[in-house]
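Undergrad:
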Ligand code: SF4
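Numbering (my numbering), first residue to last: 3 to 425.
Below is the structure:
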């Protein structure tokens, strides 16, 4: 059966190497399918190609054919550097493929320098070992561990797979909510079915929550916001946790008794993909916003915006009403993430369900390096709709920071947050 794990939840393995070193044929051999384009003409593939597969016992992975990053016509130009950087930012593990007939290793040395700078574990695969090695290759390989391949014939592929399994990081992702619940707990999910809901299916964070609850031997229940009072009344036992769509936060918070833990899909999603502490810290800058400030709304996927779209209509409206109007709000969907972040006062990011954790953390790091506060849809909505800090109560280390001292003069949340290494 076809695996449904989305790309953002897979270990990202970048296959790096010069044009025609054999990246595409290696991906075909590893995955057993001809997804990547293979040709003797250098530079046949120009954009990264993603191939999802299962690499048991590692689990779901995505192989990235890093095409175009050594395009000779672009030289060492800006575009090439940007392409490489873009791929490195989502790479959890790298395979560097080298040809036995190479005579120049500047490209490979630069890549290794980048892997080390970005903290990316990697292995070297020497391709075309059926051909004579150049003396330059022999010299370069001295003292380096590598695996020999003839990728077009599948030789050395099993050994390479085993080495990837042994060397790749095993914990590249965090749980969605399984660490918050116990077997037999009831978890109630509130999912509005409005115009924004896709026809005939649930959205990814809702599916993830359901799967995590089942995997934890707990009991999922699901209802729309209108049926919530009746669902709660019918339960003999209180739910251990209620998770709601952020858009109906105030209504759900009013219906769910205060002794029941409540949070949102978006907060759980960003906790899994990024650093929730930074998102909470970022939301506190909303009180300093003023007319004319630039706000960046970043969505990790592109979708057709609806009439009352959360990122394009509702959040801008709520933020504007907070400051008295006149905010300069720009929305960037999909893989676009602007480099001029320092022009903005605040970045508001979606739940990032389509990004891997590495990429989301990088986006947060870029905002902070530019001196810009960053927060998330769910955290922001809970703040604007007075469900803050209640929506953080399921995460005791973060919630404990929001006691009465937050309103005291001189309270420094940055200092307080620095005490918590990890959520
Ligand atoms: S906008 Fe963000 S949270 Fe929503 S579906 Fe796209 S990636 Fe996921």
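Idealized CB from N, CA, C, for every residue including glycine.
Which term fits residue 184, buried or exposed, when burial requires 16 or more other beta carbons within 10 angstroms of its beta carbon?
TA: It is exposed - the Cβ of residue 184 has fewer than 16 other Cβ atoms within 10 Å.
Undergrad: I need the straight-line Cα distance from residue 388 to residue 173, nearest angstrom please.
TA: One C-alpha to the other measures close to 35 Å.
Undergrad: Which residues end up in the neighbourhood of ligand 1 when you take C-beta atoms closer than 5 Å to any of its heavy atoms?
TA: Residues with a Cβ closer than 5 Å to any heavy atom of ligand 1, in chain order: 301, 302, 303, 352, 353, 355, 356.
Undergrad: May I ask you to list the residues that DSSP assigns as paired with residue 127?
TA: According to DSSP, residue 127 bridges with 99, 149.
Undergrad: Take residue 343 as the anchor and find which of 375, 326, 69 has the nearest alpha-carbon.
TA: If we check each option's Cα against that of residue 343, 375 comes out closest.
Undergrad: Pull up the CB-CB distance for residue 169 and residue 125, whole angstroms please, since I reckon it's below 8 Å.
TA: Confirmed, Cβ separation roughly 6 Å.
Undergrad: Spatial neighbours of residue 130 within its chain, please: C-beta separation below 6 Å, excluding the five flanking residues on both sides.
TA: Hits under 6 Å: 101, 102.
Undergrad: Which two residues bound the contiguous beta strand (DSSP E) that contains residue 169?
TA: Looking at the DSSP string, residue 169 is not in any beta strand (DSSP E); the run it does join, the alpha helix (DSSP H), is 159-169.
Undergrad: By DSSP, does residue 250 sit in helix, in strand, or in coil?
TA: If DSSP states are grouped into helix, strand and coil, residue 250 belongs with the helices.
Undergrad: How about the segment 267-284 and the segment 355-363: do they share at least three Cβ pairs that are nearer than 8 Å?
TA: In short, these stretches touch, since the Cβ pair count reaches three.
Undergrad: Reducing DSSP to helix, strand and coil, say where residue 29 ends up.
TA: Residue 29 falls in the helix class under three-state DSSP.
Undergrad: Hey, residue 264 and residue 396: beta-carbon distance below 9 Å or not?
TA: Their beta carbons are under 9 Å apart, which means residue 264 touches residue 396 by this criterion.
Undergrad: Out of curiosity, what's the CA-to-CA distance linking residue 281 and residue 20?
TA: Between residue 281 and residue 20, the C-alpha separation is close to 39 Å.
Undergrad: Let me make sure I understand the geometry here. Which of 23, 236, 165 has the alpha-carbon closest to that of residue 95?
TA: Taking only the C-alpha atoms, the option nearest residue 95 is 165.
Undergrad: Where are the beta strand (DSSP E) runs, 3 residues long or more, that stay fully inside the segment 207-263, in chain order?
TA: Runs of the beta strand (DSSP E) inside the segment 207-263: 221-225, 243-246.
Undergrad: Assign residue 345 to buried or exposed, taking buried as 16 or more other Cβ atoms, counted over all protein chains shown, within 10 Å of its Cβ.
TA: With fewer than 16 other Cβ atoms within 10 Å, it is exposed.
Undergrad: Could you tell me whether the segment 254-268 touches the segment 220-234, where touching means 3 or more Cβ pairs closer than 8 Å?
TA: In short, these stretches touch, since the Cβ pair count reaches three.
Undergrad: Looking at the strands, I want to know which residues DSSP matches up with residue 55.
TA: According to DSSP, residue 55 bridges with 63.
Undergrad: With DSSP as the reference, label residue 1 as helix, strand or coil.
TA: No answer is possible for residue 1: it lies beyond the span of the chain, which begins at 3 and ends at 425.
Undergrad: Residue 381 to residue 251, Cα distance in whole Å?
TA: Rounded to the nearest angstrom, the two C-alpha atoms are 11 Å apart.
Undergrad: Of the residues 360, 34, 286, which one's Cα is nearest the Cα of residue 377?
TA: It is 286.
Undergrad: Whether or not the segment 287-303 and the segment 325-344 are in contact is what I'm after, with contact meaning three or more pairs of Cβ atoms, one per stretch, closer than 8 Å; do they touch?
TA: Short answer: they touch.
Undergrad: Take every Cβ of the segment 6-16, pair it with every Cβ of the segment 142-153, and state whether three or more of those distances are shorter than 8 Å.
TA: Counting Cβ pairs under 8 Å, fewer than three are found: no touch.
Undergrad: Nearest CA to the CA of residue 386: which residue from 364, 370, 401, 350?
TA: Per the Cα distances, 350.
Undergrad: Would residue 428 and residue 245 be called neighbours here (beta carbons separated by less than 9 Å)?
TA: In this structure the chain extends from 3 to 425, so residue 428 is not present and cannot be described.
Undergrad: Ignore the nearest five residues each way along the sequence and tell me which others in residue 334's own chain have a CB closer than 8 Å to its CB.
TA: Around residue 334: 298, 299, 300, 301, 340.
Undergrad: Can you tell which of 26, 54, 24, 182 has its C-alpha closest to the C-alpha of residue 7?
TA: It is 54.
Undergrad: Does residue 121 pass the burial test, meaning 16 or more other C-beta atoms within 10 Å, or should it be called exposed?
TA: With fewer than 16 other Cβ atoms within 10 Å, it is exposed.
Undergrad: Look at the alpha carbon of residue 311 and the alpha carbon of residue 60, and state the distance between them as a whole number of angstroms.
TA: C-alpha separation (whole angstroms): 38 Å.
Undergrad: If you follow the alpha helix (DSSP H) that residue 114 is in, where does it begin and where does it stop?
TA: Start and end: 108-120.
Undergrad: Roughly how many angstroms separate the alpha carbons of residue 230 and residue 52, rounded to a whole number?
TA: Between residue 230 and residue 52, the C-alpha separation is close to 41 Å.
Undergrad: Which one of 227, 226, 212 has the shortest CA to CA distance from residue 220?
TA: Ranking the options by Cα distance to residue 220, first place goes to 212.
Undergrad: Once the 5 residues before and after residue 42 are set aside, which same chain residues still bring their CB inside 8 Å of it?
TA: Here the model assigns residue 42 a pLDDT of 43, short of 50, so the residue's position is not dependable, and the following value carries that caveat. Hits under 8 Å: 22.
Undergrad: Mind checking which residues open and close the beta strand (DSSP E) that includes residue 386?
TA: Counting along the chain, residue 386 falls outside any beta strand (DSSP E), though it belongs to the alpha helix (DSSP H) covering 379-386.
Undergrad: Under 9 Å, do residue 93 and residue 66 count as touching if we go by C-beta distance?
TA: Contact flag set, yes.
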